[in-house]
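These protein sequence lines map, in sequence, to chains A and B.
Residue numbers for the first sequence follow my numbering, beginning at 300 and rising by one.
Residue numbers for the second sequence follow my numbering, beginning at 300 and rising by one.
Ideal Cβ placement from N, Cα and C applies to all residues, glycine included.
As structure tokens, the structure follows; a few thoughts come after it.
2 protein chains.
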Amino acid sequence: MALRKKDPDKFDCPDAIAGHGRPDPAAIYAAPGVFGDPRADVDLYGTGTRLNAFEARIAALLGKDAGVFMPSGTMAQQIALRIVADRDGLRTFAAHPTNHLTLHERDGITRLHGLHLVPLASAVTPITLADVRGLAEPVATLLIELPQRELGGLLPAWDELLAMTNLARERGWHVHLDGARLWESAPYYKRSYAQIAALFDSVYVSFYKGIGAIAGAMLCGSQPLIDEARIWQRRHGGNLMALYPYANVAEQSFDARISRMPKYRDAAQWLAELVAAQPGTVRVQPAPPPTNMFHCYLRVPPDVLAQRVTAVARKHGVWTILRTAPTAIDGITKWEISAGDATLALGPKRAQAVLEQLLA
Amino acid sequence: MALRKKDPDKFDCPDAIAGHGRPDPAAIYAAPGVFGDPRADVDLYGTGTRLNAFEARIAALLGKDAGVFMPSGTMAQQIALRIVADRDGLRTFAAHPTNHLTLHERDGITRLHGLHLVPLASAVTPITLADVRGLAEPVATLLIELPQRELGGLLPAWDELLAMTNLARERGWHVHLDGARLWESAPYYKRSYAQIAALFDSVYVSFYKGIGAIAGAMLCGSQPLIDEARIWQRRHGGNLMALYPYANVAEQSFDARISRMPKYRDAAQWLAELVAAQPGTVRVQPAPPPTNMFHCYLRVPPDVLAQRVTAVARKHGVWTILRTAPTAIDGITKWEISAGDATLALGPKRAQAVLEQLLA
């Protein structure tokens, strides 16, 4: 449920409790580091000095041979799974039932690629080693999402993750990482990106979400996988004449925000505590958040919440809830929060005042 | 064959014989009309005041109910054909053997959508009414490209086009327009865009090529077709978090260049005459060009041509041939020219001096 729709005056509200603040396109493209030398900046159908250097840089950071920048993770992940399925002659992949391909892509993986999900774990519990061990059906790929967004941003313990991926590899499955929020996960594991990515044969990472660019993703893996992925990118209609409007902003945003990931995680932790302390909050999940995101379950009726969002925006100049999702329990709605630059700028004191009014 | 690769000093060459000039990203995004009010400018997953108004505006110009902006024509056309194929329960489409889907998309239409081409006409002749009449196989869609790019930009006569599309509709086929260069075709027909588009059930148009934006396309048609196309856009990974980096530049470029289409066509006509008059030219096709583009067949050996391209760039400061394509005839290569702002700026006098050196 959208809570700010058709209320244009709210847009003048300068601050926010989550995210990186409202985008200003002119400022984004005028920022230092987005454009420099047009000779290097402009790519042509996937070839460009800066674009290809950025791909090589991210691939190296993840300890992979190669990377390819794509307009979206939807495209990147479907392509990775398709390549492996064709190679192995197997049309199945194992993943959590709430994985992005199943929930948010209108079943493109089946309608475009003819692949089928073998679900692991229930919709509300994370994948465990026992789930992987219990998989009786052959699959081409095991897809693991770090963190599990639909479970509020849960991360498996390192040893569990290691055991799951090792077992999958022993069984000959390709192991793919949905790393939409991988950058945000590293502070929890206290390991390098390459150490985490080493558990996976292919990795998708995103440049919006925590990184805060406009759009764009990268698929990294072995050289043959990435070479083939470029062919599929063309088939998908993602090999655009120029990708620099996304790719250059992605690189600049990466440079600006990658070192702030621990700060965003810390902010999510104090914010989750504040949310949990309010009378209108039923539960915060996970507590404490291992990344910069978490879910809160609220018992404030949606219409009351909508009025309070407006009242808070007017009184404090702070955006709070942009949208809520219904839950299976009558009267309880879910709010997803991702801490970012706006959260850091707001700080705990103002956040507390805001939350007390919002979630009374 | 690429003729300017690895010769970076050529990039400082200020002028060009074709196209709109080398893109300067910082200037593109700082241009008036690209960004205004961030509230309107920023779209979110396909919803945005300016984006949706632009879609409605182009759809209206084409006399269609609705339009959807997509990152690429590859995506837009595959989606249109898929929707119709599913509706009709027919996995075939009729088109010229050199259509874009078959030649330039790594067979995505088959590999992603399971559709198969029924070719009309030979690779070097345009589709005629007789070809359409002679089609003995059932098809879901007849795809017509205006102009036929791989034939140098040929346009069928209006009466032939009318007869072909009428016949296809009588037979119950969906008629789709690959209008990658539709904007460039209208001066020849001396008819409005809506009059041309009225012959088709769905229309794809592009915003780079003649319009000169960075990337982006629009699919226009009936409301149900476009509603379903948005679902498929998500499946393809083309429903990006924000499309404004392409869409706003597309609209601004459209406003800047749409009225110049007759000028580009006129420039192609004088340029084609000049090219045809050079000793190194075997043929210009079509002559005269009905749009802003044409092909020339050259008998200058590629290595000699490459040296002359550099020599011309040094002497005249003019970019000429960026790439040539081989032909079936030994020693003859093909050069595709699209007249644009750079051609207008160069003018016939400088163009003649350049061509005399290049195609001696």
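Excluding the 5 residues preceding and the 5 following residue i in the sequence, name in chain order all residues of the same chain whose CB lies nearer than 6 angstroms to its CB.
i	result
residue 599 of chain A	579
residue 451 of chain A	584, 585, 593, 594
residue 356 of chain B	none
residue 635 of chain B	594
residue 375 of chain A	369, 503, 516, 518
residue 304 of chain A	Confidence at residue 304 of chain A is low in this model, with a pLDDT of 45, below 50, so its placement is unreliable and the value that follows should be read with caution. Result list for residue 304 of chain A: empty, nothing under 6 angstroms.
residue 362 of chain A	493, 496, 497
residue 373 of chain A	404
In the DSSP assignment, the beta strand (DSSP E) including residue i goes from what residue to what residue?
i	result
residue 418 of chain B	415–418
residue 634 of chain A	632–637
residue 477 of chain A	473–478
residue 597 of chain A	592–597
Please classify residue i: does DSSP put it in a helix, a strand, or coil?
i	result
residue 540 of chain B	coil
residue 520 of chain A	strand
residue 443 of chain A	strand
residue 438 of chain A	coil
residue 659 of chain A	coil
residue 499 of chain B	coil
residue 361 of chain A	coil
residue 505 of chain B	strand
residue 625 of chain B	strand
residue 617 of chain B	strand
residue 411 of chain B	coil
residue 366 of chain A	strand
residue 336 of chain B	coil
residue 315 of chain A	strand
residue 660 of chain A	The structure shown does not extend to residue 660 of chain A, since chain A spans only 300 to 659, so no value can be given for it.
residue 307 of chain A	Caution is warranted here: a pLDDT of 45 is assigned to residue 307 of chain A, below 50, making its placement in the model unreliable, and no coordinate value can be reported.
residue 651 of chain A	helix
Restricting to Cα atoms, I'd like to know which of the options is closest to residue i.
i	options	result
residue 415 of chain A	A:422, A:406, A:423, A:421	A:406
residue 389 of chain A	A:396, A:397, A:380	A:380
residue 557 of chain A	A:543, A:591, A:524	A:591
residue 548 of chain B	B:325, B:482, B:315, B:317	B:325
residue 650 of chain B	B:630, B:617, B:625, B:631	B:617
residue 443 of chain A	A:434, A:426, A:577	A:426
residue 631 of chain A	A:601, A:355, A:640, A:620	A:601
residue 434 of chain B	B:448, B:394, B:404	B:394
residue 478 of chain B	B:466, B:470, B:507	B:507
residue 436 of chain B	B:345, B:545, B:470	B:470
residue 403 of chain B	B:449, B:322, B:493	B:449
residue 349 of chain B	B:546, B:500, B:505, B:533	B:546
residue 575 of chain A	A:315, A:658, A:523	A:658
residue 563 of chain B	B:642, B:454, B:544, B:611	B:642
Considering residue i, what are the terminal residues of the alpha helix (DSSP H) in which it resides?
i	result
residue 344 of chain B	No alpha helix (DSSP H) contains residue 344 of chain B, which DSSP labels as neither H nor E.
residue 577 of chain B	First-last for residue 577 of chain B: undefined, no H or E at that position.
residue 394 of chain A	From DSSP, residue 394 of chain A is part of no alpha helix (DSSP H) but of the beta strand (DSSP E) over 391–394.
residue 423 of chain B	Segment: none, residue 423 of chain B is in no alpha helix (DSSP H) and carries neither H nor E.
residue 467 of chain B	457–469
residue 327 of chain B	324–329
residue 373 of chain A	372–387
residue 484 of chain B	481–488
residue 448 of chain A	Counting along the chain, residue 448 of chain A falls outside any alpha helix (DSSP H), and DSSP gives it neither H nor E.
Ordered along the chain, which non-local residues of its own chain (more than five positions away) have a Cβ less than 7 angstroms from that of residue i?
i	result
residue 468 of chain A	474
residue 422 of chain A	396, 397
residue 332 of chain A	551, 554
residue 462 of chain B	428
residue 568 of chain B	587, 588
residue 488 of chain A	457, 495
residue 413 of chain A	390
residue 383 of chain B	439, 440, 473
residue 252 of chain B	Only positions 300 to 659 of chain B appear in the structure, and residue 252 of chain B is not among them; the question remains open.
Could you tell me if the beta carbon of residue i falls within a distance shorter than 7 angstroms of some heavy atom in the ligand FAD?
i	result
residue 325 of chain B	What this structure holds is no ligand at all, so the ligand FAD is not there to describe.
Ignore the nearest five residues each way along the sequence and tell me which others in residue i's own chain have a CB closer than 8 angstroms to its CB.
i	result
residue 627 of chain A	none
residue 560 of chain A	482, 483, 485, 486, 509, 591
residue 573 of chain A	647, 650, 651, 654
residue 241 of chain B	A query on residue 241 of chain B cannot be resolved here, the shown segment of chain B reaching from 300 to 659 and no further.
Throw me the rounded Cβ distance for the residue i and residue j pair, which I believe falls under 8 angstroms.
i	j	result
residue 482 of chain B	residue 510 of chain B	6 angstroms
residue 420 of chain B	residue 430 of chain B	5 angstroms
residue 366 of chain A	residue 539 of chain A	Residue 366 of chain A to residue 539 of chain A, Cβ: 17 angstroms. No contact.
residue 370 of chain B	residue 514 of chain B	6 angstroms
residue 582 of chain A	residue 596 of chain A	4 angstroms
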